[in-house]
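> Sharing a structure, written as structure tokens. Questions coming.
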Amino acid sequence: MGSEWGARVAVAIVLATLASLPARAVDEIQVYNAEIADVGQWTIEQHLNYTFLGHTEPDFPGGFPSNHSLQGTPELAYGMAKWWELGFYFPFALTGNGEFLLDGGKIRSLFVVPDAAKRDFFYGVNFELSYQAPPFSQSRYMLEIRPIIGWRNKEWEFIVNPIVDLTFGEFGQQDFVPAVRLARNLGEDRFIGVEYYADLGQIGSFLPFEQQSHQIFAVTDFKVDKLDVELGLGYGLTPGSDRLVAKAILGYAFPVPGQKKDESDGGSTSLSMASPLARQAPGMPPLR
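Numbering (the numbering used here), first residue to last: 1047 to 1334.
Here's what the structure looks like:
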């Protein structure tokens, strides 16, 4: 009887631990900077995140372990107005045991201050609605609300995304998942910086610190011809974090139909506001 009672207690502890961990997979590790595509312009990005050292057990029943998994998403975006961009995501994962999984899909609507790349203070907000497949999340529907607040000068930029994730249904809750970026401008479209990502859990009832996710990434941004590249390596600070994660973002902005390159407000190679790579032209005075 005693051994049966002990087994039940052990199962209850395991289930409680799983319930306290993030109940979704992460396919996009990025700080948004309020820069969007030109009106009528398409951009494309490929996000890839590989977990060298992560959780060896699923974070929730029916999920997959993050350890040795590759997660990512291709993203298409279109400039609707100087202050509005639409985006579309198609997430996927390759698990550590070689299984290829397709997630549902995402659509986002981004509202920003116009000409964010030319301002020393910029801001915006992103609304992203997701339909998530069972291996990726316990909740089928999620709404991300991502405010964007940033400052920059010729040498530095500092950006904060105080993100709130709203999930719906039986496992629905409101999570606080902030992201922060501090980067140094080296000139010629080259940046080095530090990014911080966290998942604190339910707003009003945060998880114990050791169960929260806290990651620090060293990042670099640069261009290869017309291709924008960001590379990063992240280290988890708590047991609730994946310990070692590499990320890459590759992006390309298509020319605006009927528009010459020198007529474009942001240049034909500027990426969407979700990209950290499109920057203010050297020597251009900030807008007020």
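In this text, a Cβ means the ideal position worked out from N, Cα and C, and glycines have one as well.
DSSP on residue 1152, reduced to helix/strand/coil?
Residue state, collapsed to three classes: strand.
> DSSP three-state call for residue 1163: helix, strand or coil?
Here residue 1163 sits in helix by DSSP.
> How long is the line joining the alpha carbons of residue 1287 and residue 1170, rounded to whole angstroms?
C-alpha separation (whole angstroms): 28 angstroms.
> Provide the residue(s) that pair with residue 1303 in DSSP beta bridges, ordered along the chain.
Partner(s): none; residue 1303 has no beta bridge.
> Whole angstroms is fine: what's the gap from residue 1215's alpha carbon to residue 1221's?
Approximately 14 angstroms, taken between the alpha carbons.
> Is the segment 1161 to 1169 close to the segment 1112 to 1124, with three or more CB pairs under 8 angstroms?
Segments in contact, no.
> Helix, strand or coil, according to DSSP, for residue 1121 in the structure here?
Of the three classes helix, strand and coil, the one that applies to residue 1121 here is strand, per DSSP.
> Count the C-beta pairs between the segment 1246 to 1262 and the segment 1226 to 1233 that are closer than 8 angstroms, then say yes if the count reaches three, no if not.
These segments do not touch.
> Can you list the beta strand (DSSP E) stretches of 3 or more residues lying completely in the segment 1201 to 1267, in chain order?
Entirely contained in the segment 1201 to 1267, the beta strand (DSSP E) runs reaching 3 residues are, in chain order, 1202 to 1207, 1210 to 1213, 1220 to 1222, 1225 to 1233 and 1236 to 1245.
> Going straight from the alpha carbon of residue 1294 to that of residue 1111, what length do you get?
Looking at the two C-alpha atoms, the distance is approximately 20 angstroms.
> Could you tell me how far apart the beta carbons of residue 1211 and residue 1223 are, in whole angstroms, since I believe they sit closer than 8 angstroms?
At roughly 6 angstroms, the Cβ-Cβ gap stays under 8 angstroms, so residue 1211 and residue 1223 are in contact.
> With burial defined as no fewer than 16 other Cβ atoms inside 10 Å of the residue's Cβ, what is the status of residue 1107: buried or exposed?
Exposed, because fewer than 16 other Cβ atoms sit within 10 Å of the Cβ of residue 1107.
> Taking DSSP as the reference, what is the three-state secondary structure of residue 1127?
Residue 1127 falls in the strand class under three-state DSSP.
> If you follow the beta strand (DSSP E) that residue 1193 is part of, which residue opens it and which one closes it?
Segment 1187 to 1198, the beta strand (DSSP E) holding residue 1193.
> Which residue or residues does DSSP assign as beta-bridge partners of residue 1136?
Partner(s): none; residue 1136 has no beta bridge.
> Do you know whose CA, among 1158, 1276 and 1137, lies nearest residue 1129's CA?
Checking every option, the nearest Cα to that of residue 1129 belongs to 1158.
> Assuming residue 1241 and residue 1077 form a contact by the criterion Cβ under 8 angstroms, report the distance between their Cβ atoms to the nearest whole angstrom.
Contact flag correct, Cβ pair sits at about 6 angstroms.
> For residue 1202, which residues of its own chain have a beta-carbon under 8 angstroms away from its beta-carbon, when the five flanking residues on both sides are left out?
Result list for residue 1202: 1228, 1229, 1230 and 1231, in chain order.
> Rounding to the nearest angstrom, what Cα-Cα distance links residue 1082 and residue 1206 in this structure?
Distance between the alpha carbons of residue 1082 and residue 1206 is about 17 angstroms.
> With a 10 Å radius around its C-beta and 16 neighbouring C-beta atoms as the bar for buried, classify residue 1176 as buried or exposed.
Buried, since its Cβ has 16 or more Cβ neighbours within 10 Å.
> For residue 1141, collect the residues of the same chain with a Cβ closer than 7 angstroms to its Cβ; drop the 5 residues on either side in sequence, then sort them by chain order.
Closer than 7 angstroms at Cβ, skipping near neighbours: 1110, 1115 and 1147.
> For residue 1262 and residue 1280, which I take to be in contact (beta-carbon distance under 8 angstroms), what is that distance rounded to the nearest angstrom?
That belief holds up - the Cβ atoms of residue 1262 and residue 1280 are roughly 6 angstroms apart, short of 8 angstroms.
> Using the beta-carbon count (16 or more within 10 Å), is residue 1200 buried or exposed?
Residue 1200 comes out exposed.
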